[in-house]
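Numbering (our numbering), first residue to last: 3 to 337.
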């Protein structure tokens, strides 16, 4: 019987991963998080509660563990370089070091389909492309590179480049950032809204993470793109939001060559205005075409996404109406 530990078990990816794995036979499942009270109901297994920045906790965290599924995350869509280093990069690197010293034989890592966008994102094994305007993405890529170098036949790494999150238990993402900004009528169509948005439901993410933990024969460094059943265009998504929920459509359009400087200007205005930037270069980057698909994840992991993007958006907006009383900030712990 394998023992699988899921970090960030109360976050978006962690909670969905925990739920999927809890339905699988012949495994011992351990949840790890900072506050066990926030783990969604129904989990009755072992919980190892603590903070990855606590050396004593980290030293004992992986005892008896065969597979580490790292769903712990702190994320930011703009700035916050110091916080990204302190709350994401350093704790993750220390967890990787502990994995290297432990008896565990597999480490499952979360990345993004935009890591190598737009040039190399169709190939999940391609190296990420750091973007100076998005410090947190640079740290995500640094973690990928560390894991790529450390992977071996005895210590495998499965890296999942996940698409844009939608669905219940949401954290920071494109939808909760975009929706209040659409109401300003100042958000343009970028490239006519004709690029594809690789949306993926949290439940499908949970399936992919679980399969990455359980699939036999994965050696060395493996990487997979993971997106939903369908990949709509940005225009399709915004028109759906307009027709079903009444959100305004953009009133004008710009190409990427104009969108990036416009977002740069919004960022530069931040110190002199009392609100966060209307649009950021990171959001423009997420709108770049990735050409990401599930072909490799389906062939090797057996990943089969189950949830359509429209229903996932409906679920998320219903949850946002209950939870989100003001616009979401651009940096947020999600696990």
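Glycine residues also receive a C-beta, built at the ideal position from the N, C-alpha and C atoms.
Can you name the start and end residues of the beta strand (DSSP E) that residue 34 belongs to? 29-35
Taking the alpha helix (DSSP H) that residue 225 belongs to, which residues open and close that run? Not the alpha helix (DSSP H): residue 225 falls in the beta strand (DSSP E), residues 223-228.
One question on the structure: do residue 152 and residue 102 come within less than 8 Å of each other, judged by their Cβ atoms? yes
Just curious, the beta strand (DSSP E) that residue 76 is in, first and last residue? 76-78
Mind checking whether residue 135 and residue 39 have CB atoms under 8 Å apart? no
Is the separation between the beta-carbon of residue 19 and that of residue 208 shorter than 8 Å? yes
Would you mind reading off the limits of the alpha helix (DSSP H) that contains residue 339? Residue 339 lies beyond the stretch modelled for the chain, which goes from 3 to 337, so this question has no answer here.
Quick one: give me the first and last residue of the alpha helix (DSSP H) that residue 64 is part of. Element bounds for residue 64: n/a, residue is neither H nor E.
Nearest-angstrom Cα separation, counted from residue 298 out to residue 234: 20 Å
Pull up the distance between the alpha-carbon of residue 228 and that of residue 113, whole angstroms please. 10 Å
Helix or strand or just coil, what does DSSP make of residue 99? helix
Drop a sphere of 10 angstroms on the beta-carbon of residue 257, count the other beta-carbons inside from all chains shown, and report buried for 16 or more, exposed for fewer. exposed
Could you tell me the distance, in whole angstroms, from the CA atom of residue 333 to the CA atom of residue 145? Unreliable positioning characterises residue 333 in this predicted model, as indicated by a pLDDT of 48, which lies under 50. The coordinate reading is nonetheless provided below. Cα to Cα, residue 333 sits roughly 19 Å from residue 145.
Closest to residue 340 by C-alpha separation, out of 190, 124, 122, 217, would be which residue? Residue 340 is absent from the structure shown; the chain starts at 3 and stops at 337.
Touch test, the region 194-212 against the region 127-141, Cβ-Cβ under 8 Å, three pairs minimum: no
Alpha helix (DSSP H) segment containing residue 196, residue limits: Where residue 196 is concerned, there is no enclosing alpha helix (DSSP H), given that its DSSP letter is neither H nor E.
What residue from 3, 232, 270 has the CA that sits closest to residue 166's CA? 232
Segment contact flag, the region 118-129 with the region 82-91, C-beta cutoff 8 Å, min 3 pairs: no
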